[in-house]
Amino acid sequence: MTEIKQYLENLESNLKTKYPNQKEYLQAVAEFMGTIEPFLNQNPIFVEKNILEMLLVPERLIEFRIPWMSDSGEWKVNTGYRVQYNSALGPYKGGMRFHPTVNQSIMKFLAFEQIFKNSLTSLPIGGGKGGSDFDPKGKSEGEIMRFCQSLMQELQKYIGPDQDIPAGDIGVGGREIGYLFGEYKRLNSYQAGVLTGKPLSYWGSLARTEATGYGLVYFVEHLLNDQKDSFAGKKVLVSGSGNVAIYAIEKAQELGATVYGCSDSSGYVIDPEGIDLNLVKEIKEIKRDRIKTYLEKKPKAKFVEKGNIWSDEFYFDIALPCATQNEISEELAKQLVQNGVQIVAEGANMPTSLEALEVFKENNILYCPGKASNAGGVAVSALEMAQNAQRLPWTFEQVDHELNQIMKNIYETCRDTANRYANKNDFVSGANIAGFERVAKAMLSQGLV
Ligand code: NDP
Ligand code: 2IT
0 MTEIKQYLEN LESNLKTKYP NQKEYLQAVA EFMGTIEPFL NQNPIFVEKN ILEMLLVPER
60 LIEFRIPWMS DSGEWKVNTG YRVQYNSALG PYKGGMRFHP TVNQSIMKFL AFEQIFKNSL
120 TSLPIGGGKG GSDFDPKGKS EGEIMRFCQS LMQELQKYIG PDQDIPAGDI GVGGREIGYL
180 FGEYKRLNSY QAGVLTGKPL SYWGSLARTE ATGYGLVYFV EHLLNDQKDS FAGKKVLVSG
240 SGNVAIYAIE KAQELGATVY GCSDSSGYVI DPEGIDLNLV KEIKEIKRDR IKTYLEKKPK
300 AKFVEKGNIW SDEFYFDIAL PCATQNEISE ELAKQLVQNG VQIVAEGANM PTSLEALEVF
360 KENNILYCPG KASNAGGVAV SALEMAQNAQ RLPWTFEQVD HELNQIMKNI YETCRDTANR
420 YANKNDFVSG ANIAGFERVA KAMLSQGLV
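Numbering that gives the first Met the number 0 numbers the first residue of the sequence shown as 0 and each following residue consecutively.
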């Protein structure tokens, strides 16, 4: 075993001993560590200076109490988090997730991935993530508002437009960002750039809502163009029906693909006529209802209660997982291969298990890791910060054009880095190495801070 391989194995095994129960975090680190050796072999300075061990320790991890009162007057409490992982490239930047499964492991995996994702955008943003184990399902408007206000009473101590800039993620969209922003303003002052994903009426950016889904499809379109191909005529399935899924469907349809299915945590829909996106938007964005109700207006579609969309035997070309971590297991990956899938591109963060990833590799599936392919959301968040600092709004076309350029650049960087250090089309290695290189250089030049 080479000295560098041994160094990497020691770091990983120490982490396993320290955090034996943080399985998502260990998974994200393992995926990263498994790709970085060829780069370190050519750049041993980062091992000599122990940059990797330094990088693994979050700069700060804040955990706090969020008390709130239900409509019926009951006293409730949740746990809030903000992981300020790495600020070598800029202020901490990353979303807030509200979901009952949120814990330290999930927060750390998301923040860790965010470091490299943000680095890949080439914009001045460091890596962070936050959220709470609060479950927004079934809560009233008033409960959501009071919860957001209570959360911000604590979080406001640690954030600022040049310090840490939260945004949305699962369970956090424009409505929640609005309540968080209002409370921050009341406790501090009007700082447009303290949160991104703001509603358009007060300094939100045009195209931020669309950015992650559109960016995902732009990334894949650049990959397809490289192979003299395109989305036109492709058959696509998408998991989830939230912010990322909806705008991935929209752009894929616009580029001439047919999207046959989408899902939520209650089950999945396959529509042989192609998904009616206006109907999905009405169900999800306006009524905040379950995807099952799609069948009320489209009786020819099928709904599989509690089913995972990737278990279906539908034959299709491109899989866009846009729901949550580890939604594609080894078994489901095999099913996708059997279904004839050629490309798997992640809109969600880490939707593919390590075992599933191996299946894709063995079968030469073109696999685009989320930290590259879903970076469009955070990239436009950084453009929102730029507009806020400039005190000038940009047009939709301007933001959308920048987004497409950024995704092209990320795709080409991953492709070229893979060709240089790993194998052709190994976008996992490409994304990890290119993302790491920028952060590591910045850390080194800033000294022991
Ligand atoms: P939303 O809350 O808007 O939507 C999430 C969707 O995924 C919903 O359809 C939800 O179903 C489904 N889902 C969530 N958890 C589960 C679960 N445990 N099992 C089954 N389905 C589930 O979130 P986003 O669209 O913003 O986020 C989706 C993914 O994209 C996440 O992994 C997020 O980290 C990632 N991402 C988001 C970005 C953004 O800008 N918003 C940027 C980059 C990545 P249900 O409503 O039934 O819970
Ligand atoms: O995972 C992600 O990149 C996001 N949830 C978006 C973060 C952001 O700051 O816009």
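In this text, a Cβ means the ideal position worked out from N, Cα and C, and glycines have one as well.
Every value quoted in this text rests on a predicted model; they were computed, and no experiment measured them.
- The segment 365-397 is shown to contain whole beta strand (DSSP E) runs of 3 or more residues at 365-367, in chain order.
- Under the DSSP assignment, Gly93 falls in the beta strand (DSSP E) whose first and last residues are Tyr91 to Phe97.
- For Glu326, the three-state secondary structure derived from DSSP is coil.
- Here Lys283 is buried, its C-beta having at least 16 other C-beta atoms within 10 Å.
- Tyr201 and Pro392 have their C-alpha atoms spaced approximately 10 Å apart.
- Contact check for Asn77 and Ser131: beta-carbon distance about 5 Å, within the 8 Å limit, so the pair qualifies.
- Inclusion of Ala166 in the 7 Å shell around the ligand 2IT follows from its C-beta lying nearer than that to a non-hydrogen atom of the ligand.
- Within the same chain, Phe31, Thr34, Ile35 and Phe115 come within 7 Å of Asn431 by CB-CB distance, once the 5 residues on both sides are set aside.
- Within 10 angstroms of the beta-carbon of Asp168 lie 16 or more other beta-carbons, which makes it buried.
- Closest by C-alpha distance to Gly212, out of Ala244, Asn85, Gln148 and Ala231, is Ala244.
- When distances are taken from the beta-carbon of Ser380 to the heavy atoms of the ligand 2IT, the shortest one is below 7 Å.
- One Cα belongs to Ile176, the other to Met0, and the distance between them is close to 49 Å.
- DSSP lists Trp74 as the beta-bridge partner residues of Met68.
- Glu326 is a Cβ neighbour of Asn307, given a cutoff of 8 Å.
- Linking Lys423 to Tyr189 through their CA atoms gives a straight-line distance of about 48 Å.
- Rounded to whole angstroms, Gln389 and Gly192 show a C-alpha spacing of 10 Å.
- Contact between the segment 251-264 and the segment 341-352 is absent: fewer than three C-beta pairs spanning the two stretches fall below 8 Å.
- Annotation: the continuous beta strand (DSSP E) that includes Val258 extends over Thr257 to Asp263.
- Under the three-state reduction of DSSP, Phe31 is assigned to helix.
- Per DSSP, the continuous beta strand (DSSP E) segment holding Leu236 begins and ends at Lys234 to Ser238.
- Along the segment 170-196, the alpha helix (DSSP H) occurs as fully enclosed runs of 4 or more residues at 173-186, listed in sequence order.
- In the three-state reduction of the DSSP assignment, Glu58 falls in the coil class, being assigned neither a helical nor a strand state.
- Sequence-distant partners of Phe63 (beyond 5 residues in either direction) whose C-beta falls short of 7 Å from its own C-beta, in its chain, are Gly79 and Glu153.
- Inside the segment 410-447, DSSP marks whole alpha helix (DSSP H) runs of 4 or more residues at positions 426-445, from first to last along the chain.
- Of the residues assessed, Ser444 falls on the exposed side of the cut-off, its CB having fewer than 16 other CB atoms within 10 angstroms.
- Distance between Ser204 and Tyr246, taken at the CA atoms: about 16 Å.
- Here Ile317 carries a strand assignment [DSSP, helix/strand/coil].
- Per DSSP, Pro350 has no beta bridge partner at all.
- Val279 carries a helical assignment under DSSP once its states are collapsed to helix, strand and coil.
- Look at Lys107: its beta carbon is at least 7 Å from all of the heavy atoms in the ligand 2IT.
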